[in-house]
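**Q**
Residue numbers (my numbering): 82 to 772.
#1: Cutting at 7 angstroms between CB atoms, please list the residues of its own chain near residue 689, excluding the five before and the five after it.
#2: Any idea what DSSP makes of residue 553, helix, strand or coil?
#3: Using only CA atoms, which one of 410, 671, 248, 743 lies nearest to residue 520?
#4: For residue 105, count neighbouring C-beta atoms within 10 Å of its own C-beta (all shown protein chains included) and say buried if the count is 16 or more, exposed if not.
#5: Express the C-alpha separation of residue 264 and residue 85 in angstroms, rounding to a whole number.
#6: What is the rounded straight-line gap between the Cα of residue 727 and the Cα of residue 542?
#7: If residue 613 and residue 654 are in contact, beta carbons under 8 angstroms, what's the gap, nearest whole angstrom?
#8: Under the three-state reduction of DSSP, which class applies to residue 711: helix, strand or coil?
#9: Tell me whether the beta-carbon of residue 558 lies closer than 8 angstroms to the beta-carbon of residue 597.
#10: Less than 8 angstroms between the beta carbons of residue 513 and residue 658, yes or no?
#11: How far does the alpha helix (DSSP H) with residue 723 in it reach, from first residue to last?
#12: When DSSP labels each residue in this structure, what does residue 406 get in the three-state scheme?
#13: Just list the residues that DSSP pairs residue 289 with in beta bridges.
#14: Any contact of the segment 703-723 with the segment 750-762, i.e. 3+ C-beta pairs under 8 angstroms?
#15: In terms of residues, what are the limits of the beta strand (DSSP E) holding residue 603?
#16: Since residue 214 and residue 187 should fall inside the 8 angstroms C-beta cutoff, what is the C-beta to C-beta distance between them, to a whole number of angstroms?
#17: Comparing C-alpha positions only, which one of 239, 218, 338, 402 sits nearest to residue 46?
#18: Are there three or more Cβ pairs, one per stretch, closer than 8 angstroms when the segment 635-642 is compared with the segment 611-625?
#19: Who are residue 458's beta bridge partners in DSSP?
#20: With a floor of 3 residues, list each beta strand (DSSP E) that falls wholly inside the segment 246-301, ordered by position along the chain.
#21: Using the Cα positions of residue 595 and residue 742, report the straight-line distance between them to the nearest angstrom.
#22: Nearest by alpha-carbon distance to residue 582: which of 544, 604, 564 is it?
#23: For the ligand GTP, is there any heavy atom lying closer than 7 angstroms to the beta carbon of residue 155?
#24: Let me make sure I understand the geometry here. Which of 346, 450, 311, 207 has the alpha-carbon closest to that of residue 324?
#25: Would you check if the segment 158-165 and the segment 201-211 touch, i.e. whether three or more CB-CB distances between them fall below 8 angstroms?
#26: Could you name the residues of the same chain whose beta carbon sits closer than 6 angstroms to that of residue 387, not counting the 5 residues immediately before and after it, in chain order?
#27: For residue 292 versus residue 312, is the C-beta distance shorter than 8 angstroms?
#28: Considering only residues of the same chain and omitting the five flanking positions on each side of residue 475, which have a CB-CB separation below 6 angstroms?
#29: What is the C-beta distance between residue 615 and residue 642, in whole angstroms, given that I count them as a contact (C-beta under 8 angstroms)?
#30: Just to confirm my understanding: we take residue 245, look at its own chain, exclude 5 residues before and 5 after, and list those with CB closer than 8 angstroms. What are they?
#31: Within the same chain, show all residues whose beta-carbon is closer than 6 angstroms to that of residue 234, passing over the 5 residues directly before and after it, in chain order.
#32: Please report how far the alpha carbon of residue 361 lies from the alpha carbon of residue 267, in whole angstroms.
#33: Taking 7 angstroms as the limit between beta carbons, can you name the residues of its chain near residue 459, skipping five residues before and five after?
#34: Starting from residue 620 and walking both ways along the beta strand (DSSP E), at which residues does that stretch end?
#35: Between residue 99 and residue 342, what straight-line distance do the alpha-carbon atoms span, to the nearest angstrom?
#36: Could you name the residues that DSSP lists as bridge partners for residue 215?
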């Protein structure tokens with residue numbers, strides 16, 4: 082309907098355009114009226130347990146509008162597509178009503194205004210009923226730091242692209258940081274070529290854009306042999322540069338919105354290598370969000386499987402048993418652990434649903450590490466509406482994710498009785514109980530702790546100097562130790578005593594371990610130390626005084642690092658298992674129990690080493706158990722005999738204090754073995770076997 086320069090001399094054309102504008106306005110008003118009716122229906126659902134979507138009703142709506150369209154000579158598929166979009170927006174609108182984003186929420190994104198990331202952030206805010214206050218940052222990490230500092234409420238980050246694949250940096254952030262996914266958004270990337278004026282494509286010599294946009298337009302650019310690619314920081318910046326240059330030999334690739342804002346002419350649209358390029362985003366917040374049980378949600382998590390055949394299959398079977406639909410499964414290399422992998426999973430399900438909570442509990446019994454990244458409303462897709470009723474035909478599944486504008490009459494799917502595994506709420510320590518799974522093997526580098534193996538962790542009570550820890554590491558390695566131990570933060574130290582070297586000591590310990598080829602274990606005393614120490618150490622030790630420090634236990638439960646949990650000074654085995662259960666309940670199943678002696682009326686030794694606990698624990702739990710005879714006795718002469726006894730009664734290993742010169746040690750010298758003593762111990766262990 083575009084006209085030429087003489088449109089003003091054709092009043093009849095202008096009159097028709099005015100009529101079109103009137104019709105367009107009426108259409109918008111009718112759509113708004115439809116959404117108002119949807120809102121009224123949502124209010125009518127208050128107090129009901131039905132979901133906010135009804136697949137059967139939606140199929141009827143789409144069939145009806147398609148029939149009406151055909152009866153008046155319009156394209157039925159076109160009408161279906163338009164109304165599928167409207168229905169898809171309905172669920173987003175209803176979900177936002179049940180759990181809205183603040184009207185003026187501060188949202189960070191990477192890039193400058195009018196980039197795809199910015200446009201996606203605007204779309205996300207609008208879908209949540211928010212106008213949004215947007216902040217563009219130079220990098221993804223900067224957006225995350227703004228969120229951590231409280232400068233914004235949400236960071237909307239790209240996580241995958243249908244053409245380029247996953248955004249690894251965002252996956253690393255989800256693994257490393259304690260943020261929570263509270264929403265998702267998808268955005269269609271409409272790559273267009275824009276120039277300062279309508280110019281022939283053959284005259285273009287330089288094309289500016291973000292490297293990813295250039296790659297995703299490579300087939301189109303190959304047809305412009307004279308055009309050189311010019312990478313810039315983002316697509317909006319490319320548009321700005323071309324607009325300022327006002328050079329007919331230069332063009333930019335980006336969004337049509339950015340081209341219009343900079344006054345550029347769109348030379349060609351849809352130039353991507355694929356017909357449809359979609360970007361998926363996740364909205365991160367500092368705290369998790371709880372969503373109404375009626376909202377169709379997706380749950381995302383990180384999973385590390387046990388080191389045995391069929392481990393991943395058993396985890397996936399849990400989702401199948403609970404009739405939860407897996408929508409994404411992706412493996413990523415485990416940092417600093419060659420040839421080990423973690424899995425990122427998405428499945429359809431709302432944590433507010435008891436079935437989903439039960440499934441997560443079941444997953445924790447199968448996984449070595451599980452971190453729930455977030456539970457958030459599923460982004461409605463028009464294609465799902467069209468396909469309603471044909472997915473997973475004949476199989477027990479959760480309700481299809483489809484929009485609804487009427488109360489649902491469909492009953493929610495349930496887990497078949499044959500596979501349902503209800504939680505035993507009377508069982509206090511289900512996750513650590515041996516009945517739940519076979520022996521847990523905790524991998525630390527090339528060392529497996531548990532099973533039929535016997536692991537020796539040896540080193541000084543505290544790291545005192547570079548020479549001391551390097552000499553000890555080399556010696557214990559030479560004589561068969563598997564892990565280097567060394568404290569860097571000293572608990573319970575009195576005034577004027579040596580309290581450890583802190584972070585400097587940790588660096589010395591890690592460096593000595595690497596030089597000797599040994600992983601390292603060290604103690605953490607407070608929740609705020611956990612992530613910094615976990616970034617360097619291989620095993621985190623929880624000392625006896627902190628066995629019931631539940632804030633600390635929760636924090637080590639959130640990191641993917643093995644935990645050595647020492648028994649409390651006066652704790653029962655039941656209390657000890659409860660502490661281990663607390664760690665596993667937060668997602669970390671890589672727990673090693675360490676018997677280090679308890680306080681009794683006996684004063685001949687520093688503590689009373691309870692080796693009967695090893696026998697009890699081997700019967701009751703699948704977790705590996707090691708013994709610390711150094712703290713258990715407090716006397717150097719008793720360490721070796723009790724170490725032999727620990728081996729004989731079935732312990733999976735030892736924690737031994739070793740020092741080059743124990744009499745000059747700054748901590749626990751009286752219970753530390755010297756080098757000859759450790760060599761004799763290791764030689765004797767080979768002759769000591771479990772009964």
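From the three backbone atoms N, C-alpha and C, an ideal C-beta is built for every residue, glycine too.
**A** Answer, in terms of the structure:
#1: By the criterion of a C-beta distance shorter than 7 angstroms, residue 689 is surrounded in its chain by 678, 679, 681, 683, once the five residues flanking it on both sides are discounted.
#2: Taken through DSSP and simplified to helix, strand or coil, residue 553 comes out as helix.
#3: Per the Cα distances, 671.
#4: Exposed.
#5: Because the pLDDT at residue 85 is just 45, under 50, the model does not fix this residue reliably, and the value given afterwards should be weighed accordingly. One alpha carbon belongs to residue 85, the other to residue 264, and they sit about 46 angstroms apart.
#6: One C-alpha to the other measures close to 20 angstroms.
#7: So it is not a contact: roughly 32 angstroms between Cβ atoms.
#8: In the structure shown, residue 711 adopts helical secondary structure according to DSSP, grouped into three states.
#9: Yes, the pair counts as a contact, with Cβ atoms nearer than the cut-off.
#10: In contact: residue 513 and residue 658 (Cβ atoms closer than 8 angstroms).
#11: For residue 723, the enclosing alpha helix (DSSP H) begins and ends at 717-729.
#12: The DSSP-derived three-state label of residue 406 is coil.
#13: Answer is 311, 333.
#14: Counting Cβ pairs under 8 angstroms, three or more are found: they touch.
#15: First-last of the beta strand (DSSP E) with residue 603: 601-604.
#16: Their Cβ separation, rounded to whole angstroms, is 5 angstroms, which keeps residue 214 and residue 187 in contact under 8 angstroms.
#17: The question about residue 46 has no answer, for the chain in this structure spans 82 to 772.
#18: Output reads yes: the segment 611-625 touches the segment 635-642.
#19: Note: residue 458 is bridge-paired with 378 in the DSSP secondary-structure output.
#20: Counting whole runs of 3 or more residues, the segment 246-301 contains the beta strand (DSSP E) stretches 261-269, 273-276, 287-290.
#21: If you take the alpha carbons of residue 595 and residue 742, they lie about 23 angstroms apart.
#22: It is 544 whose Cα lies nearest to the Cα of residue 582.
#23: Among the components of this structure there are no ligands whatsoever, and the ligand GTP is therefore not found.
#24: The candidate whose alpha carbon is nearest that of residue 324 is 346.
#25: Verdict: no, contact absent.
#26: So the list reads 449, once near-sequence residues are dropped.
#27: Cβ distance < 8 angstroms, so residue 292 and residue 312 count as in contact.
#28: The pLDDT assigned to residue 475 is 34, lower than 50, so where the model puts this residue is not dependable; a value taken from the coordinates is nonetheless given after this. Short of 6 angstroms from the beta carbon of residue 475, and not among the five residues preceding or following it, lies no beta carbon of its own chain.
#29: Taking a contact as a CB-CB distance under 8 angstroms, the pair residue 615 and residue 642 counts as one, their CB atoms being some 5 angstroms apart.
#30: Within the same chain, residue 245 has close Cβ partners 293, 296, 297.
#31: The residues are 186, 187.
#32: Inter-residue distance for residue 361 and residue 267 is about 4 angstroms (C-alpha atoms, whole angstroms).
#33: Here the set comprises 377, 378, 379, 429, 482.
#34: It spans 620-623 - the beta strand (DSSP E) in which residue 620 sits, taken as one unbroken run.
#35: Straight-line Cα distance between these residues: approximately 25 angstroms.
#36: Paired residue(s): 188.
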